[in-house]
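Here the sequence shown is numbered in the numbering used here, starting from 50 and rising by one per residue. Beta carbons are placed, not taken as given, at the ideal position from N, Cα and C, and that holds for glycine. Below is one structure, written out as structure tokens; the observations come after it.
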Amino acid sequence: MVGIAAAGPVDVRTGSTAPLNIPEWRDGFPIVAAVRELFPEADIRFAIDGAALALAEYRVGGLRGVRSGLAMTVSSGIGGGIVSDGRVVFGRTGNAGHVGHIVVPGWDVPCACGGVGCVEAVASGMSSVRWAREQGWPGTSGAELARAAEAGDPIALAALSRAGTALGQAVSSAAATLDIDRVVIGGGFAKSGGPLWEPLRAAVARHARLGFIRELRVLESPITDGATLVGAAALASE
Numbered sequence: 050m051v052g053i054a055a056a057g058p059v060d061v062r063t064g065s066t067a068p069l070n071i072p073e074w075r076d077g078f079p080i081v082a083a084v085r086e087l088f089p090e091a092d093i094r095f096a097i098d099g100a101a102l103a104l105a106e107y108r109v110g111g112l113r114g115v116r117s118g119l120a121m122t123v124s125s126g127i128g129g130g131i132v133s134d135g136r137v138v139f140g141r142t143g144n145a146g147h148v149g150h151i152v153v154p155g156w157d158v159p160c161a162c163g164g165v166g167c168v169e170a171v172a173s174g175m176s177s178v179r180w181a182r183e184q185g186w187p188g189t190s191g192a193e194l195a196r197a198a199e200a201g202d203p204i205a206l207a208a209l210s211r212a213g214t215a216l217g218q219a220v221s222s223a224a225a226t227l228d229i230d231r232v233v234i235g236g237g238f239a240k241s242g243g244p245l246w247e248p249l250r251a252a253v254a255r256h257a258r259l260g261f262i263r264e265l266r267v268l269e270s271p272i273t274d275g276a277t278l279v280g281a282a283a284l285a286s287e
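In structure tokens, the structure reads:
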């Protein structure tokens, strides 16, 4: 058995992936067929990386013991996966949980998907670095941006506050839509500390006001590395 967790959008019906951040694959790459050439005798399970992430968090991470929740990754892009009533939700084409394209209010920022105002276009590590550089910050990576914010750089602090606020808005919308009580966030940019997490939690407190999500918990993922690979392995064992 082989488990494949691929960046999306995906189409599980055709076994293809068309990630926005890999231009050579944007028109669709037949990833299942390519893997089948390597493992012709194997059964293959294929899912978007966010679904694999959700499965990993549900099995061994921050969603253990939770019947319904959302796993997110915030890195160069933003993705996610949904657990509902103890099961990972895959959706009609396999793209359920593609939360990076929730539209957040206040920022009419063009997104690589062709839309405007997607949380990925505002709050991902790559987008935050781009915005900070437009304001005159000289760094080049999300890790540098986080270090600069911890050191008190005003542009870096503003960039992480902007990202955290947008993430909190998106989390609140997703929680109300999905009727969940826990969100687990991992990924490299999610490790940016208080300058990102304080505005994120403040935005959740401001927007998640409905009674059924008022107890919403938003946590950093306890899985330090390789969550998607853990999910792909779990997918193969399902």
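P89 carries a coil assignment under DSSP once its states are collapsed to helix, strand and coil.
G163 has its alpha-carbon roughly 10 Å from the corresponding atom of H150.
The alpha carbon of L278 has as its nearest neighbour, out of A103, M175, A170 and G166, the alpha carbon of A103. Using a Cβ-Cβ distance cut-off of 8 Å, the region 112-132 and the region 230-241 are in contact, since at least three pairs of beta carbons, one from each stretch, lie closer than that value. Counted as a single uninterrupted DSSP element, the beta strand (DSSP E) harbouring G129 occupies residues I127 to S133. Around the beta carbon of R211, 16 or more other beta carbons lie within 10 angstroms, which makes this residue buried. Taking 8 Å as the upper bound for CB-CB distance, N144 and V59 are in contact here, some 6 Å apart. About 6 Å separates the beta carbons of G52 and A282, which is inside the 8 Å limit, making them a contact pair. Selection S65, I97 and G213 evaluated against G174 yields G213 as nearest (Cα-Cα). For C162, DSSP assigns no beta-bridge partner whatsoever. A181 has its alpha-carbon roughly 6 Å from the corresponding atom of I204. For G243, the uninterrupted alpha helix (DSSP H) run begins and ends at G243 to H256, by DSSP. The beta carbon of W74 sits closer than 7 Å to those of T66, A67 and P68, all from its chain and outside the five residues before and after it, given in chain order. When DSSP reads this structure, R231 sits in a beta bridge with R266. Per the coordinates, the alpha-carbon of A197 lies some 31 Å from the alpha-carbon of P72. Checking the DSSP bridge columns, you'll see L209 has no partner listed.
Taking the CA atoms as reference points, L112 sits about 9 Å from V132.
Below 8 Å, too few C-beta pairs join the region 215-231 and the region 178-195 to call them touching: fewer than three.
Under the three-state reduction of DSSP, A197 is assigned to helix.
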